[in-house]
Every structure is written in structure tokens, then in C-alpha cells.
Amino acid sequence: MSTANNVLSLAGKLCLVTGASSGLGMHFARTLANHGAKVAVAARRLDRLDALVEELTLGGAAGVCAVRMDVRDETSIKAGVKQVEQILGPIDVLVNNAGVAVQSPSLKQTRREWEKVLDTNLVGPFMVAQAVARSMVREKRSGSIINISSVSGMVPSSGLASYCSSKAGLTHLTKVLALEWARHGIRVNAVCPGYFKTEMNSDFFDTPNGDRIVKAIPMRRLGDPSELDGLLLMLASERASSYMTGSVLTLDGGIMLSHL
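Letter 69 of the sequence shown, counting from 1, is numbered 62 in the numbering used here, and no numbers are missing.
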């Protein structure tokens, strides 16, 4: 194994990924497992994780388990974290990935829609991070928490008031938690992806509206999920980012530059 791979190796580490039943969450789980980590995948519906668990197991993952976790339900969060610890051991890395978006003009968005997005994208990640961090502190273990935010938390997008607000909140929450938990050896950082093509949005980006968005990206293309791997592994690896906390990192093909 090369020196670079040694630095990014997660052998012996347990990573919990929320929102792992599809999209980037599923990709993150695969990436972590491929670099030696034991992986716990979480989602609201266990049946949506069956194929992923089988794939990772057959692929030789060091350890895999799936747990039901609704990040809008504190009881579900606590039960899920406890179950992971009972099956695979203490959690070393949390990837707070679960998220949802509701596209609706601000004048028409309902309170229920607003709360759904904020509860999933901001309250939920806080509660999951808190549950994992409490365990780390109790057992005097260091760890890494990686919050998956968005460039939409930095620049506004019409029709996405709740989503943009939730991601802006998550980005700032990252810094607060990093400040509070640094003394416990818990690093908290955020990744802010731009536009990445997944199975959930591929149809949209094939439309004229989607094409307009792609043309607005300075690099003139969507990101591929694999282009997030290096950053994810760096933040998960204690050897690669042991002195890094409170950082908010963008991978967006230059989209933020077009808003300067």
C-alpha cells in the first residue's frame, strides 16, 4: 500500500452514514468500506438498505450493519446509535448525510413543508451528532463528524428558502460544535457539494432547466460522486486531518466563483 493510501486508510475504524439508502450516502458508504472501514448504514426504511449491505459484505467489507434511523425522531436516533455500537462497536466517524429538499415559492410554502426540511437537514444532524459525540466523550475517544452541507447554504436559490436556510444553519452549526468539542478530540467539519449527478436527479439535468444550471458552472459540467472521495477520506482519517476542525470545504466546479 502506498504512503498516500496508508494515510487515508480507515482500517479498524467504524463509520456511520445516515441517509445511506441512495445517492451520495450510498456512495459514501461504498467509499469508506473500500478503504478498510467497518460501515453502519442508516435510513428510515431498512428494506432500502438490504442490497447495499449485501454488496458491501460480498465486497469484503471489514464489517457491515444496517439500522433504521429517522433523523427527525430523537428516540429513533438514540436507538439506532445504540444498535450500531452493540453490533459493530464504538463509532469513530459520523457522516451526517441525510437530507431533503422541498421546492416551493416562499409565499406558498407551508409550515409543514418548512419544518420537514429544517427537522431533517438541521435538527436531525444535530441530534445524531450529539448522540455520537456523547458516546465518544463518555468513553474518552476521539472521532470525526462530517456534516454534508451544500453551496446552497452560502448562496440563495429561488424556491428553496427552507433548504438554503437549513444548510446555512448546518454550516454554522459545524463551527459551533467544532469549537465546543475540540477539547474532547472530536473534529467537526463540513463538506459543501455543488451540483453532483446522482440517480435521483439525472432526469432533471437532462432537461432544458437542468442544462441551464450546468452551463452556469464555470467547469461546465456536473460533479461525479467519486470526486468527493478524496475529501471524505481525508476528513474521516485521523492521520490525514488530525489538526483540522471547524472547516467548511466546497467542491462545486467553481459555482461559488460565479456569485462573487
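Even glycine gets a Cβ: it sits at the ideal position worked out from N, Cα and C.
Model, not experiment: these values are computed from the prediction.
In the DSSP secondary-structure assignment, Lys31 is bridged to Leu7.
Secondary structure at Ser137: strand, using DSSP grouped into helix, strand and coil.
Pro211 sits in coil when the DSSP states are folded into three classes, being neither helix nor strand. When Trp107, Cys8, Asn27, Thr164 are compared, the shortest CA-CA separation from Met147 is found for Thr164.
In the DSSP assignment, Asn89 forms a beta bridge with Asn140. Taking C-beta atoms under 8 Å as the contact rule, Arg61 and Leu39 qualify, at a distance of about 5 Å. Here the segment 32 to 52 does not lie against the segment 97 to 110, with fewer than 3 beta-carbon pairs under 8 Å apart.
Between the segment 219 to 232 and the segment 193 to 202 there are fewer than three C-beta pairs closer than 8 Å, too few to call the two in contact. The three-state reading of DSSP puts Pro201 in helix, counting H, G and I together.
For the pair Phe189 and Gly216, the CB atoms are nearer than the 8 Å cut-off. Of the candidates Ala44, Met212, Gln102, Gly136, the residue whose Cα lies closest to the Cα of Ser155 is Gln102. Sequence-distant partners of Asp112 (beyond 5 residues in either direction) whose C-beta falls short of 7 Å from its own C-beta, in its chain, are Arg65. The C-alpha of Ala36 lies about 13 Å from the C-alpha of Ala72.
The C-alpha of Leu17 lies about 31 Å from the C-alpha of Lys133. Across the set Ser150, Ser234, Trp174, the C-alpha of Ser150 shows the shortest separation from the C-alpha of His252. Note that the C-beta distance between Ile141 and Asn90 is below 8 Å. Taking Arg176 as reference, the option from Val184, Gly136, Met212 with the minimal CA-CA separation is Gly136.
Between Leu224 and Leu242, the beta carbon gap of about 6 Å places them in contact (Cβ cut-off 8 Å).
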